[in-house]
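If you read the protein sequences in the order shown, they are chains A and B.
So the first sequence is numbered by this note's numbering: it starts at 31 and just counts up by one.
So the second sequence is numbered by this note's numbering: it starts at 4 and just counts up by one.
Before any comments, here is the structure.
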Amino acid sequence: MIIHSLTFYMFAAVAVASGVMVISARNPVHSVLFLILAFFNSAALFVLMGAEFLAMVLVVVYVGAVAVLFLFVVMMLDINFREMRHGALQYLPIGGLVGIVLLAELVLVFGSWAVAPEAADVATIPTPDPTVVTNTHALGSVLYTRFVYLFQAAGMILLVAMVGAIVLTLRQRDGLRRQSIAEQNARRKSDTIEVVKVPSRGGV
Amino acid sequence: MNPMPASEAMVFSPAVPEIFLACAAMALLMIGVFRRSDESRTLSTLSVATLAIAFVLVVIFGREPARAFEGLFIVDQFAVFMKALVLIGSASAIVLAVRFNANEGLDRFEYPVIVVLATLGMMMMISANDFIALYLGLELQSLSLYVLAAFRRDSVRSTEAGLKYFVLGALSSGLLLYGASLIYGFAGSTGFDALARVLAAGAPESTWIGVVFGLVFVSAGLAFKVSAVPFHMWTPDVYEGAPTPVTAFFAVAPKVAAVALFLRVLTGPFGPLVADWQQVIVVISVGSMLIGAFAAIVQTNIKRLMAYSSIGHVGYAFVGLAAGTEAGVRGVLIYMAIYLFMNLGTFACILCMRQNGRMVEDIEDLAGLSKTHPMVAAAMGTFMFSMAGIPPLAGFFGKVYVFLPAIEAGLVTLAVIGVLTSVVSCFYYLRIVKIMYFDEVVEPFDRPIGREVGAILWATGLVILLFIVYPAPILAPATTAAASLFGG
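Right, dumping it as structure tokens:
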């Protein structure tokens, strides 16, 4: 048990520390790298809780896609981060005040948290025993059956996102040379190569 | 063993209109891509036909109240009424855009397709019976709207509108999700039926601070979507920056859908907590009416004016919701229906504001419209009188149907504020009439105004005028719809 707690505190501490580093690092590339570290530690926390599927998804989606995308953006776009950070200090007091008020409110709410007595009865699906059924299997068995509507709806949202990205960014430019495979394949030797008899010292 | 009864397991027939719309949208997308032509008239026609078929399907499959997909999806008379309004609004937005897009160099086939996808999202919102289904419908709608707002991508104002809408919309979605997670943490379910059971079981006077907290967050997230005060800041900028037909779309369909969400969430699962949400709705309503009335006075751009006007109208509609009774909800439904037609008509008039081939948006440009375009001026005048709530036009009855239930529910102060602010709002509506009829022509608008715009103008004008003599087509369905929401 003590090893479990020790691992938890290690991962949690590293996650929090790297979170702080994300916003305080001078170099934006370092920020993104710390973000990746934070994701890995959070994934480890999920594993400790027995939610291995969430851990995998966190690494695959957030580290594999999102963070790498951030890295590309940071490296490829010439954004002056010093300029963006300029003036952040000036908003610190009011931002901090709002944060403290919100924190106090949340503490009040969660201090007197109560769960409805009927809550356990209305849970849509009972959680299967994690020692018998793995997370992935349990999620998969409901995601494509009971929640197929939500799954399809999420698919439609992704479709809209894709169409939207194309609409807003794709431009038809003139003067582009496009590949036409049919034309390429239909080309014959006689169309392109001409055998010329070059007389000596005559040139073409 | 399957814990659910087999009869409920794979029911999807109530969702046939949505399934049809989803498949049709993808088919339209394919047609658009493979036609290799940017000309969008054909696709616009097909999209309007799709929406018309969806309308018929909604009516056919909505006769009996039913649940589908294991209770995630609900169809009742309320859903049918709201979906009908949304479909009318979306189809009109496509029709209004045909000529505008061709003239402004925005003739791209994606426009009608994205409107159809947004409509699908709105219909999913209206039929949502679960917080997750609600959220997914809302996101499908919002994502389409962000793209539409930035549709004129070469214009700084349009892209700014899209970006602003996106950032604030994402924030509001975050608030909504946070609220929903708090409610889930309290009640153990996201389904509205289960929530209603759990919340009804507890006594209303108990101090469930968590669920009230969640309710406030959910209300805040939804208030963003209907642009109610104090979450209205994005509205004028987005309405002004977006292309005009898109603004017309924003002003009607998404607002109707989001008001439907408000009604379903507050009267359904949170019906037992009416005392808790009533005060929130009263504050939102008073704020919206005040901002809508006073901030619109100083506007010079007609689209900004319409933005503040729509904020004010949400405030009036919420007077009925604040009553929390069946009559109040009926009033909201009638109000939204009339609001839809008034706004579509007004935006059709705004689309006529074209001088020498380019759009103008200043209120002063309307000067002397009655001499150059008497019919357009007459229609615009009708819509303005109706919005101001002058009897005997439809807008007056809309206000009557929301104010009376509020008075019956004891919210006299709220109703008085409503009447007073609508007197203030008369100023800017009637100023437009004054400019059209009594000012001298500076530069006449182009002719002809276009068949599509003219048709919308006639149709909406007739609805507003005929409501006085024959209100049954709106009143009767609204009554059954409100009854269905209260377990009738």
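Yeah, the Cβ is synthetic: ideal placement off N, Cα and C, and Gly gets one too.
Just so you know, these numbers come straight off a predicted model, no measurement behind them.
Inset, instruction - Please decide whether B:Ser10 counts as near chain A, where near means a Cβ-Cβ distance under 8 Å. - result: Residue numbering aside, residue 10 of chain B sits at position 7 when the second sequence is read from its first letter. The predicted position of B:Ser10 is uncertain, since its pLDDT is 46 and thus under 50; a value taken from the coordinates is nonetheless stated next. Chain A, which has no Cβ nearer than 8 Å to the Cβ of B:Ser10, makes this no.
Legend entry - Range of the contiguous alpha helix (DSSP H) that encloses B:Val44: In the second sequence, the residue the question calls residue 44 of chain B occupies position 41. Looking at the sequence provided, one finds Arg at residue 44 of chain B rather than Val. First-last of the alpha helix (DSSP H) with B:Arg44: Arg44 to Phe64.
Inset, instruction - Kindly list, in the order they appear in chain A, the residues whose Cβ is closer than 7 Å to that of B:Glu73. - result: Position 70 of the second sequence, counted from the start, is the residue given in the question as residue 73 of chain B. Close partners of B:Glu73 in chain A (Cβ separation under 7 Å): Arg176.
Legend entry - Secondary structure, beta strand (DSSP E): runs of 3+ residues fully inside the segment 74 to 135 of chain B: 76 to 78
Legend entry - Range covered by the beta strand (DSSP E) that runs through B:Arg70: In the second sequence, counting from the first residue as 1, residue 70 of chain B sits at position 67. B:Arg70 -> beta strand (DSSP E) spans Ala69 to Ala71.
Legend entry - Cross-chain neighbours of B:Ser147 in chain A, by beta carbon under 8 Å: Along the second sequence, one-based indexing puts residue 147 of chain B at 144. Those within 8 Å of B:Ser147 in chain A are Val190 and Gly194.
Inset, instruction - May I ask you to list the residues that DSSP assigns as paired with B:Asp365? - result: Along the second sequence, one-based indexing puts residue 365 of chain B at 362. Bridge partners of B:Asp365: B:Asn304.
Inset, instruction - Quick one: grab the DSSP three-state call for B:Arg357. - result: Along the second sequence, read from residue 1 onward, the residue named residue 357 of chain B stands at position 354. Three-state DSSP puts B:Arg357 in a strand.
Inset, instruction - Specify the secondary structure class of B:Gly194 as computed by DSSP and reduced to three states. - result: In the second sequence, counting from the first residue as 1, residue 194 of chain B sits at position 191. Looking at B:Gly194 - three-state DSSP - the assignment turns out to be strand.
Legend entry - Residues near B:Pro476 by beta carbon distance below 7 Å, same chain, minus five either side: To locate residue 476 of chain B, count along the second sequence from 1; it is residue 473. There are no such residues.
Inset, instruction - Decide if B:Lys306 is buried, meaning its Cβ has at least 16 other Cβ atoms within 10 Å, or exposed. - result: As a working mapping, residue 306 of chain B is identified with position 303 in the second sequence. Buried: at least 16 other Cβ atoms inside 10 Å.
Inset, instruction - Check whether the Cβ of A:Met51 lies closer than 8 Å to any Cβ atom in chain B. - result: As a working mapping, residue 51 of chain A is identified with position 21 in the first sequence. No, A:Met51 lies away from the interface with chain B (no Cβ there is under 8 Å from its Cβ).
Inset, instruction - Return the chain-ordered ranges of every alpha helix (DSSP H) run that is complete within the segment 350 to 436 of chain B and spans a minimum of 4 residues. - result: Counting only runs of 4 or more, we get 372 to 375, 377 to 391 and 397 to 411.
Inset, instruction - May I have the straight-line CA-CA distance separating B:Ile341 from B:Ala94, to the nearest angstrom? - result: Here residue 341 of chain B is taken as the residue at index 338 of the second sequence, counted from 1. Here residue 94 of chain B is taken as the residue at index 91 of the second sequence, counted from 1. Near 17 Å, if we compare the C-alpha coordinates of B:Ala94 and B:Ile341.
Legend entry - Element boundaries [alpha helix (DSSP H), containing A:His167]: Counting from 1 along the first sequence, the entry for residue 167 of chain A is found at position 137. Start and end: Asn165 to Leu173.
Legend entry - Residue range of the unbroken alpha helix (DSSP H) whose run includes B:Gly35: For the purposes of this step, residue 35 of chain B is taken as the residue at position 32 of the second sequence. Residues Val19 to Arg38.
Inset, instruction - Determine the closest residue to B:Met33 out of A:Leu189, A:Val228, A:Leu75 and A:Pro229, with distance taken between C-alpha atoms. - result: In the second sequence, the residue the question calls residue 33 of chain B occupies position 30. Closest option to B:Met33, Cα to Cα, is A:Leu189.
Legend entry - Rounded C-alpha distance that separates B:Ala223 from B:Leu185: For the purposes of this step, residue 223 of chain B is identified with residue 220 of the second sequence, where counting begins at 1. For the purposes of this step, residue 185 of chain B is identified with residue 182 of the second sequence, where counting begins at 1. The alpha-carbon atoms of B:Ala223 and B:Leu185 are separated by roughly 14 Å.
Legend entry - Cα-Cα separation, A:Val62 to A:Ile130: Looking up residue 62 of chain A in the first sequence gives position 32. Looking up residue 130 of chain A in the first sequence gives position 100. Computed Cα separation, rounded: 27 Å.
Inset, instruction - Could you work out which residue in B:Ala462, B:Ala261 and B:Tyr432 is closest to B:Ala298 when comparing CA atoms only? - result: Along the second sequence, read from residue 1 onward, the residue named residue 298 of chain B stands at position 295. Closest option to B:Ala298, Cα to Cα, is B:Tyr432.
Inset, instruction - Pick helix, strand or coil for B:Tyr473, following the three-state DSSP scheme. - result: By 1-based counting over the second sequence, the position of residue 473 of chain B is 470. Correct three-state label for B:Tyr473: coil.
Legend entry - Cβ neighbours of B:Ile296 in the same chain (closer than 8 Å, five flanking residues each side left out): In the second sequence, counting from the first residue as 1, residue 296 of chain B sits at position 293. The amino acid occupying residue 296 of chain B in the given sequence is Ala; Ile does not appear at that position. Closer than 8 Å at Cβ, skipping near neighbours: Gly315, Thr424, Ser425, Val427 and Ser428.
Inset, instruction - Inspect the beta-carbon positions of B:Leu308 and B:Leu99 and report whether they are closer than 8 Å. - result: Against the second sequence, residue 308 of chain B aligns to sequence position 305. Against the second sequence, residue 99 of chain B aligns to sequence position 96. No, Cβ-Cβ distance for B:Leu308 and B:Leu99 is not below 8 Å.
Inset, instruction - Step through the CB atoms of chain A and report whether any lies within less than 8 Å of the CB of B:Phe23. - result: Position 20 of the second sequence holds residue 23 of chain B. At a cut-off of 8 Å between beta-carbon atoms, B:Phe23 makes no contact with chain A.
Legend entry - Buried/exposed call for A:Val137, threshold 16 Cβ in 10 Å: Working through the first sequence from its first residue, we reach residue 137 of chain A at position 107. When all chains shown are included, A:Val137 counts as exposed.
Inset, instruction - State yes or no: is the C-beta of B:Ser389 nearer than 7 Å to some heavy atom of the ligand GDP? - result: Of the ligands one can find in the structure shown there are none, so the ligand GDP has no counterpart to examine.
Legend entry - Outcome for B:Thr20 when other beta-carbon atoms lying within 10 angstroms are tallied against a minimum of 16: For the purposes of this step, residue 20 of chain B is identified with residue 17 of the second sequence, where counting begins at 1. Residue identity differs from the one stated: residue 20 of chain B is Pro in this sequence, not Thr. It is buried - the Cβ of B:Pro20 has at least 16 other Cβ atoms within 10 Å.
Inset, instruction - Compare the C-alpha of B:Leu88 against each of B:Met236, B:Gly182, B:Ala261 and B:Ser313 and name the closest. - result: Looking up residue 88 of chain B in the second sequence gives position 85. Per the Cα distances, B:Ala261.
Inset, instruction - Measure the alpha-carbon distance for A:Leu107 versus B:Gly384 and round it to whole angstroms. - result: Here residue 107 of chain A corresponds to residue number 77 of the first sequence, with the count starting at 1. Here residue 384 of chain B corresponds to residue number 381 of the second sequence, with the count starting at 1. C-alpha separation (whole angstroms): 51 Å.
Inset, instruction - Identify each residue in the segment 134 to 156 of chain A for which the Cβ-Cβ distance to at least one residue of chain B is less than 7 Å, and report them in chain order. - result: Val139, Ser142, Trp143, Ala144, Val145, Ala146, Glu148, Ala149, Ala150, Val152, Ala153 and Thr154
Legend entry - Where A:Ser210 falls: helix, strand or coil (DSSP): Here residue 210 of chain A refers to the residue found at position 180 of the first sequence. The answer is coil: DSSP assigns A:Ser210 none of H, G, I, E or B.
Legend entry - Straight-line Cα distance separating A:Val104 from A:Val98: Position 68 of the first sequence, counted from the start, is the residue given in the question as residue 98 of chain A. Position 74 of the first sequence, counted from the start, is the residue given in the question as residue 104 of chain A. Those two C-alpha atoms are separated by around 10 Å.
Legend entry - Own chain, CB closer than 7 Å to B:Ile91, minus 5 neighbours either side, in chain order: Counting from 1 along the second sequence, the entry for residue 91 of chain B is found at position 88. Excluding positions up to five away in sequence, the list reads Leu343.
Inset, instruction - Go ahead and label A:Asn110 buried or exposed: buried means 16 or more other beta carbons lie within 10 angstroms of its beta carbon, across all protein chains shown. - result: The residue given as residue 110 of chain A occupies position 80 in the first sequence. A:Asn110 comes out exposed.
Inset, instruction - Using a Cβ cut-off of 7 Å, pull out every chain A residue sitting near B:Ser40, in sequence order please. - result: Counted from its first residue, the second sequence places residue 40 of chain B at position 37. Neighbours of B:Ser40 in chain A, taken as residues at a C-beta separation under 7 Å, are lacking, since the least C-beta distance is about 12 Å.
Inset, instruction - Give the secondary structure of B:Thr328 by DSSP, where H, G and I count as helix, E and B as strand, and everything else as coil. - result: Taking the second sequence and counting its residues from 1, one reaches residue 328 of chain B at position 325. B:Thr328: coil per DSSP, three-state reduction.
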